[in-house]
Amino acid sequence: MHDPTLLLDVLFLLLAAILVVPLFQALRIPAVLGYLVAGAMLGPHTPGPVVDLAVPQVLSEFGVVFLLFAIGLELPVSRLRAMRHYIFGLGLMQVGLTSAAIGLAAWWLGLSPEAALIVGGMLAFSSTATVLKLLVERGETVARFGRISVAVLIFQDLAVVPLLTLLPLLADPNASIPLALALAAAKAVAAILVIMLLGRFVVRPAYRFIASAGNPELFTATNLFVVLAVGWLTAEAGMSMALGAFLAGMLLADTAYRHQVEADIEPFRGLLLGLFFMTVGMSLDLPAMAAEAETIAALTAALLVGKSLLLFVLCRLSGLGLATSLRIGLLLSQGGEFAFVLVGKAVGLSVLDGHTGLLLSSSVALSMAVTPAIGAVAQRLAQLIEARMGAEAFGIETSDLKSHVLICGYGRVGKAVAKLLTEHNIAYVALDLEPQRIAAARHDGLPVYYGDASQGTVLRAAGIERARAAVITLNRPDAAHRAVEAIHATAPKLPIIARAHDLGQSATLTEAGASAIVPETMEASLQLAGLVLRSAGVDTAAIDLSLKSYRDGNYRALAEQKVAE
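Each residue of the sequence shown is one higher than the one before, starting from 0 at the first, in numbering that gives the first Met the number 0.
As structure tokens, then:
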């Protein structure tokens, strides 16, 4: 190593991240803030070691590039089409109106039109990482407010791309904003067309060839090359590398290689993005922030209150219920990690001055820090509303659901099925007739409702025509039989998987229209027999074959008996 100082700087960066970030995560504080604090510890404005900002700043720029690539991977055209109502409806209104409101306020406070436009756009975004982490931890990604929140976040991620493209154009003092917007849109459309053509005729065939070689290192190298090469092309065309990376991600989102590509770039994205936030933290002037504490607190409060109120109103106008609108508005009220990206670029291009950038960065960081507490308050308020007014209208709650699973019965078996569906990010709606069971589930924000699964009106309200399958876990044989009959009559082609006590009930449910049956007594006996055979040293393949043969033989005998009767 020719420069020991460089090595020492790298060691300090790694050590700060290792010490601070896990502590923040243990305290349920967003990791982004941990990286900011770790960077601030190494900056020139705090006592202790000072790291040269030049080297990490160069590398950290690639963190944003890989983040945009990962977002593109999560947005295949099929997903955009399925959630288009909320992505391009509510999401568009939220970003547009919030940007306009904040931009006008910034302009009224004395910022230039260019600066006000960027400030409005950057503060309209919410923290995707923070919100998704909260939803996943609480198992609320399948809840109605969780699905709609994710849809709004998707549009915000899409809106980042044109804003990043627009920023360099606004830095030109002779440029007009309408012309800059039109030029940014034209360049973006041209870039999309070129990259899509390259993807169809060059990138996808190249990936098929590379994948056939079966070399993991070569596949990873290809991923890195695609991200950086497409980013370089868009940069040469006068746009940002981030736009190219985003388009490259969308290009691969609908391919069979998407998940492997995502896994390969994850370490690079996480490390470089963490380095980016550390460089932001190193540039924070903590003494200046302390001197402006009242201003920062006021800006943060205005951001949280203003965004939540505006989004609440938009949700109500979109036909959402009171509790759902309240949770979405509060959950998405904070600033997002992209604000740090935009502030850094805007200050570097002199669109914003350093003092304004410091106030904005500090307010966004503070708003992200209080998000977990705001989420808990939102959950409690929603519970109080539903306890006082009852669960929101069933039809409203499920009107946007498609390809979900209907669970009839939310007892021990139904809960297990719901938990596994949630782990695999599959939406569900559960029906039950036990009030205490429903109240406990609603308290946790789960999509469990009071309703008789044997009534066609209830099934239609639960979106049975749009469901992908129905699961019958009811304990009473007569209730299970009526539910299967009603579902089969309402949606004849829908797969129905039913729980049965024994083979006799299995035959009855099959006649009623069930597609597949799981008889508990027989399955328990077979599982016990399988364990005994394994302990006796019998080969696993032989055990599976024996169990399958036994199942097939019993079902066949039962069917023949029914025919004879």
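Every residue gets a Cβ at the ideal spot worked out from N, C-alpha and C, and that includes glycine.
Could you spell out where the beta strand (DSSP E) holding Arg199 opens and where it closes? Neither: Arg199 is in no beta strand (DSSP E) and is coded neither H nor E.
Ser514: which of Arg533, Gly529, Pro491, Ala535 sits nearest, CA to CA? That would be Pro491, whose Cα lies nearest to the Cα of Ser514.
With burial defined as no fewer than 16 other Cβ atoms inside 10 Å of the residue's Cβ, what is the status of Lys401: buried or exposed? exposed
Quickly, what does DSSP pair Cys407 with across the bridge? List them, please. Leu430, Ile471
First and last residue of the beta strand (DSSP E) that includes Arg498? 495-499
Where does Pro518 fall in DSSP's three states? strand
Gly102 and Gly119 - do their beta-carbons sit closer together than 7 angstroms? Yes, these two residues count as a Cβ contact at 7 angstroms.
Best match in Asp451, His403, Leu430 for proximity to Ala413 [C-alpha to C-alpha]: Correcting the residue identity first, residue 413 is Gly in this sequence and not Ala. With distances taken between CA atoms, Gly413 lies nearest to Leu430 out of Asp451, His403, Leu430.
What does DSSP give as the partner residues of Val447 in its beta bridges? Ala429
List the endpoints of the continuous alpha helix (DSSP H) containing Glu265. 257-281
Need the endpoints of the alpha helix (DSSP H) that Ser307 sits in, please. 292-316
Residues in its own chain within less than 8 angstroms of Val483 by CB, not counting five upstream and five downstream? Leaving aside the five residues that flank Val483 on each side, the residues in its chain whose CB is nearer than 8 angstroms to its CB run, in chain order, Ile471, Ile495, Ala497, Leu508, Ala511, Gly512, Ala513.
Cβ-Cβ distance between Phe68 and Gly213 below 7 angstroms: Not in contact: Phe68 and Gly213 (Cβ atoms no closer than 7 angstroms).
Mind checking whether Arg315 and Ser307 have CB atoms under 7 angstroms apart? no
Going straight from the alpha carbon of Glu293 to that of Ile373, what length do you get? 20 angstroms
Looking at the unbroken alpha helix (DSSP H) that takes in Pro215, where does it start and where does it end? 215-235
Drop a sphere of 10 angstroms on the beta-carbon of Lys418, count the other beta-carbons inside from all chains shown, and report buried for 16 or more, exposed for fewer. exposed
By the DSSP assignment, the alpha helix (DSSP H) with Gln454 in it spans what residues? Note, Gln454: premise wrong, no alpha helix (DSSP H); not H, not E.
Going by beta carbon distance, what residues of the same chain come within less than 8 angstroms of Ala221, once the five residues before and after it are set aside? A quick correction: the sequence has Thr, not Ala, at residue 221. Cβ within range, chain order: Ala205, Tyr206, Ile209.
Thinking just about the alpha-carbon of each residue, which of Val225, Val49, Phe124 is nearest to the one in Val201? Val225
Quick one, are the C-beta atoms of Val531 and Leu330 less than 7 angstroms apart? no
Cutting at 7 angstroms between CB atoms, please list the residues of its own chain near Ala377, excluding the five before and the five after it. Leu325, Arg326, Leu329, Leu330
Can you tell me where the alpha helix (DSSP H) with Phe339 in it begins and where it stops? 337-347
Supposed contact pair His403 and Ala466 - C-beta distance, whole angstroms, cut 8 angstroms: Contact holds; Cβ gap of about 5 angstroms.
If I measure Cβ to Cβ from His579 and keep anything under 7 angstroms in the same chain, skipping five residues before and after, which residues do I get? Nothing in the structure corresponds to residue 579, since the chain is present only between 0 and 564.
Meets three-Cβ-pair contact criterion under 8 angstroms: the segment 284-293 and the segment 93-108: No, the segment 284-293 does not touch the segment 93-108.
By the three-class DSSP mapping on this structure, what secondary structure does Phe44 have? Just to set this straight, residue 44 is His in the shown sequence, not Phe. The answer is coil: DSSP assigns His44 none of H, G, I, E or B.
Beta carbon of Ser125, beta carbon of Gly335: below 7 angstroms? yes
Assign Asp284 to one of three DSSP states: helix, strand, or coil. coil
By alpha-carbon positions, which one of Val350, Asp543, Gln333, Val260 ends up nearest to Ala128? Gln333
Let me confirm a value: Thr456 is counted as buried when at least 16 other C-beta atoms fall within 10 Å, else exposed. Which label applies? exposed
contact_flag[the segment 163-172, the segment 86-96] where n(CB pairs < 8 angstroms) is 3 or more: The segment 163-172 makes no contact with the segment 86-96, as fewer than three CB pairs between them are under 8 angstroms.
Can you tell me where the alpha helix (DSSP H) with Val484 in it begins and where it stops? For the record, residue 484 in the displayed sequence is Glu; it is not Val. Element bounds for Glu484: 476-489.
Enumerate in chain order the residues of its own chain whose CB-to-CB distance from Ile70 is below 6 angstroms, with the five nearest sequence positions on each side excluded. Answer for Ile70: Asp156, listed in chain order.
Indicate whether Leu405 and Ala461 have their beta-carbon atoms separated by less than 7 angstroms. For Leu405 and Ala461, yes; Cβs fall inside 7 angstroms.
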